[in-house]
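Asks: The following block contains the structure, expressed as structure tokens.
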Amino acid sequence: MDRTLSEDSHSSEKSCKETKLKRYQKPGLVFSYINTANLLQYVHIQFLTSSMLGLEKDMGFSPKRLSVFVLAEMMVIFRILNGIMVSSAVPVSQKYAVLANVTNAGYAFGVMHAVCNLGRLTCSIIVTAFSPKKYYGIYGWRICSFVLGILCLSSIPILFLIPKFKPKNYRSLRDRIDSSQDSKVKSAVTTIWKRFVAIVSVRTVIFLSLLEFFAQGTYTAATFLTIYLQYCKLSNLRAGITTAVVLIGSVTGGILGGIFGDYLHRKFPKYGRLSLGVFSCFLRFVLLTSLLFGITFDNMLQDYVLLVIGLFFAGTTFANISFVDRSVFLDVVMPSEQSFGISSLSTVCGATSSLIFPPLMGFLVKDIFGYQETTMMIEEMPFHMLRKNAFALRNGIAILCLLSTISTLIFYLACFPTYCKFIRLISSLDKDSKAVQERVEAEMNLTQVEIVKEPVYKRNLSQLDTN
């Protein structure tokens, strides 16, 4: 009796704890937890950009050396481990959006993009202002790095509240039996490779991958915007705020672009989202050309208001990689492969672009346009050196931004002929898969009923025999 009571109290206590835990695992709250990780990840990503002037004065790093430093930080073992932990936030959040059956995919990805850029915005203002200054003999960028580490550690308990999601994997009963008989360890690598090859064999996915690769060139060039503005005689705080305007535009574009992209997709299912991507690239090209060649070192202080307005609208076009590309990807890949595909392509495109674009940017600025290395503060530099370095940075940013934007526009246009075809194909396959899934579940339920009934039937026969 006592044992029964203790078991009942233990089970009721356990159910009470589960009920309390479920309160913190509602979809809206889970989305907030994941976006907390996204925010911290992009503070980390923006950190090096905002610290460039501090690194140049503290360690004598020129833009070319800084670009090598960006590359080297991916290769040092400690930075690799750090990158794995921090960079997992975005793939996990994208997987949540897919598995949680978010109906407005463009809006969901747009919100994620907005939160990520909010992290960049915070970092851009704070770290840019503090990084080149000394506090008790320590450069500000070192102190900010320490604070960021503490924030990352303090966010860990929040992330433990994220529940597990079961993916909807439409497979036949035979596939289930075969997969249960195989050794998971033996077939893991082969399965991942086969899944990846199957995804990239879709022509639209190939174009989206190339598109995402070249889009990273624009972001790499944008990382040098802050130091360029500082060389154009803007104060550290003002340069950080000006860079933040781009990020505010990106936050705005992520949310509004997601809503508008979903509307266009409902109105024009074939080419609504792709048309929005083409428009974003065209607008970005016009704005960047006008800003980089129309407002320069010589007239930036006079035309500062125009610069801020132009950078805001240019920032709104940077969000298309989230609310257009990710949503288009979901339309041309089977539901069971969507989260895996987004994560793997982001990894491949991000890694390859990181190996190519930062060294290319450093090469353009230093070797082509003649940036002069120095450890002098900007206030102490001769006018001719200040002007030369500003134009070297401007030219490098312009070439990489504009070439990347043109390439992105070309691959958006290349998606048009294949996109509609694959939408119809995936839609028909998805319907067939759901039909197979329902049939499999019916067969499994029937089998379970028979298994349950058989012992009862035998027990009844045995009772008749004894009577």
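Numbering (the numbering used here), first residue to last: 145 to 611.
Ideal placement from N, C-alpha and C gives every residue a C-beta, glycine not left out.
Owing to the predicted nature of the structure, the values given are computational and were not obtained by experimental measurement.
Exposed or buried, what is TYR563 when buried is set at 16 or more other beta-carbons lying within 10 Å of its beta-carbon?
Replies: Looking at its Cβ environment, which holds 16 or more other Cβ atoms inside 10 Å, TYR563 is buried.
Asks: Return the CA-CA distance between CYS288 and PRO413, expressed in angstroms with no decimal places.
Replies: The straight-line gap from Cα to Cα measures roughly 46 Å.
Asks: Residue range of the alpha helix (DSSP H) that TYR448 falls in?
Replies: Per DSSP, TYR448 belongs to the alpha helix (DSSP H) from 448 to 460.
Asks: From which residue to which residue does the alpha helix (DSSP H) around LEU432 run?
Replies: Run containing LEU432: 416 to 438, per the alpha helix (DSSP H) assignment.
Asks: Check whether the Cβ atoms of LEU499 and GLY540 sit closer than 7 Å, and answer yes or no.
Replies: The answer is no: Cβ separation not under 7 Å.
Asks: Count the other C-beta atoms from every protein chain shown that fall within 10 angstroms of the C-beta of GLY421, then say buried if there are 16 or more, exposed otherwise.
Replies: GLY421 should be labelled buried.
Asks: When you compare the stretch 520 to 540 with the stretch 395 to 404, are there three or more beta-carbon pairs, one atom per stretch, that lie closer than 8 Å?
Replies: Counting Cβ pairs under 8 Å, fewer than three are found: no touch.
Asks: Please list the terminal residues of the continuous alpha helix (DSSP H) segment that includes ALA98.
Replies: Because the chain in this structure spans residues 145 to 611, residue 98 falls outside the shown range and cannot be described.
Asks: According to the Cβ coordinates, are ASP469 and LEU352 closer than 7 Å?
Replies: Yes. Within cutoff.
Asks: So, with DSSP's three-state summary, where would you put LYS278?
Replies: Reduced to three states, the DSSP call for LYS278 is strand.
Asks: Would you call the CB atoms of VAL477 and GLY485 closer than 7 Å?
Replies: Contact: yes.
Asks: Do ALA359 and ILE465 have their CB atoms nearer than 7 Å?
Replies: It is a contact, given that the beta carbons lie within the stated cut-off.
Asks: Can you tell me whether MET505 is buried or exposed? The criterion is at least 16 other CB atoms within 10 Å of its CB, across all chains shown.
Replies: Per the 10 Å Cβ criterion, buried.
Asks: Any idea if VAL291 is buried or exposed, counting beta-carbon neighbours within 10 angstroms, 16 or more meaning buried?
Replies: Exposed, by the Cβ-count rule.
Asks: How big is the Cα-Cα spacing for VAL449 and GLY405?
Replies: Near 30 Å, if we compare the C-alpha coordinates of GLY405 and VAL449.
Asks: Any idea if ILE522 is buried or exposed, counting beta-carbon neighbours within 10 angstroms, 16 or more meaning buried?
Replies: Buried, by the Cβ-count rule.
Asks: Based on Cα-Cα distance, which residue from LYS277, PHE441 and LYS278 lies nearest to PHE527?
Replies: When only C-alpha atoms are compared, the closest one is PHE441.
Asks: Does DSSP classify TYR375 as helix, strand or coil?
Replies: Three-state result, TYR375: helix.
Asks: Measure the C-alpha to C-alpha separation of SER497 and LEU547 and round it to an integer number of angstroms.
Replies: Distance between the alpha carbons of SER497 and LEU547: 14 Å.
Asks: Which residues in the same chain as PHE429 place their Cβ atom closer than 8 Å to its Cβ, once the five residues preceding and following it in sequence are excluded?
Replies: Counting only Cβ-Cβ distances below 8 Å, and skipping sequence neighbours, we find LEU546, THR549, ILE550 and LEU553.
Asks: Roughly how many whole angstroms lie between the Cα atoms of PHE426 and LYS338?
Replies: Cα to Cα, the separation comes out at about 36 Å.
Asks: Give the DSSP bridge partners of TYR283, in chain order.
Replies: Note: TYR283 sits in a beta bridge opposite LYS278.
Asks: Assuming LEU434 and GLY454 make a contact with CB atoms under 8 Å, what is their CB distance in whole Å?
Replies: It is Ser, not Leu, that sits at residue 434 in the sequence shown. Correct: roughly 7 Å between the Cβ atoms.
Asks: Among the residues of its own chain, which have a CB less than 7 Å from the CB of LEU445, if the five just before and after it don't count?
Replies: Excluding sequence neighbours, LEU445 sits near LYS377.
Asks: For THR370 and THR387, which I take to be in contact (beta-carbon distance under 8 Å), what is that distance rounded to the nearest angstrom?
Replies: Correct: roughly 5 Å between the Cβ atoms.
Asks: In whole angstroms, what separates the C-alpha of ASN443 from that of THR362?
Replies: About 24 Å.
Asks: What whole-angstrom Cβ distance do LEU418 and CYS559 have, given they're in contact under 8 Å?
Replies: Yes, LEU418 and CYS559 are in contact; Cβ-Cβ is about 6 Å, under 8 Å.
Asks: How big is the Cα-Cα spacing for PHE357 and ILE350?
Replies: Approximately 11 Å between the Cα atoms of the pair.
Asks: Determine the burial state of LEU590: buried for a count of at least 16 other Cβ atoms within 10 Å of its Cβ, exposed for fewer.
Replies: Summary for LEU590: the model assigns pLDDT 43, below 50, so the residue's position carries little reliability; its value from the coordinates is reported in the next sentence. So LEU590 counts as exposed.
Asks: Our contact map puts PHE456 next to VAL346 with C-beta atoms below 8 Å; I'd like the distance itself, whole angstroms only.
Replies: Rounded, the Cβ-Cβ distance is 36 Å, inconsistent with contact.
Asks: For LEU381, does the count of other Cβ atoms within 10 angstroms reach 16, so buried, or fall short, so exposed?
Replies: The residue in question, LEU381, is exposed, as its Cβ has fewer than 16 Cβ neighbours within 10 Å.
Asks: Counting along the chain, where does the alpha helix (DSSP H) carrying GLN516 start and finish?
Replies: Run containing GLN516: none; DSSP gives neither H nor E here.
Asks: With a Cβ-Cβ cutoff of 7 Å, do ALA542 and LEU436 count as a contact?
Replies: Yes, the pair counts as a contact, with Cβ atoms nearer than the cut-off.
Asks: Let me know the secondary structure DSSP gives THR367 once reduced to three states.
Replies: Of the three classes helix, strand and coil, the one that applies to THR367 here is coil, per DSSP.
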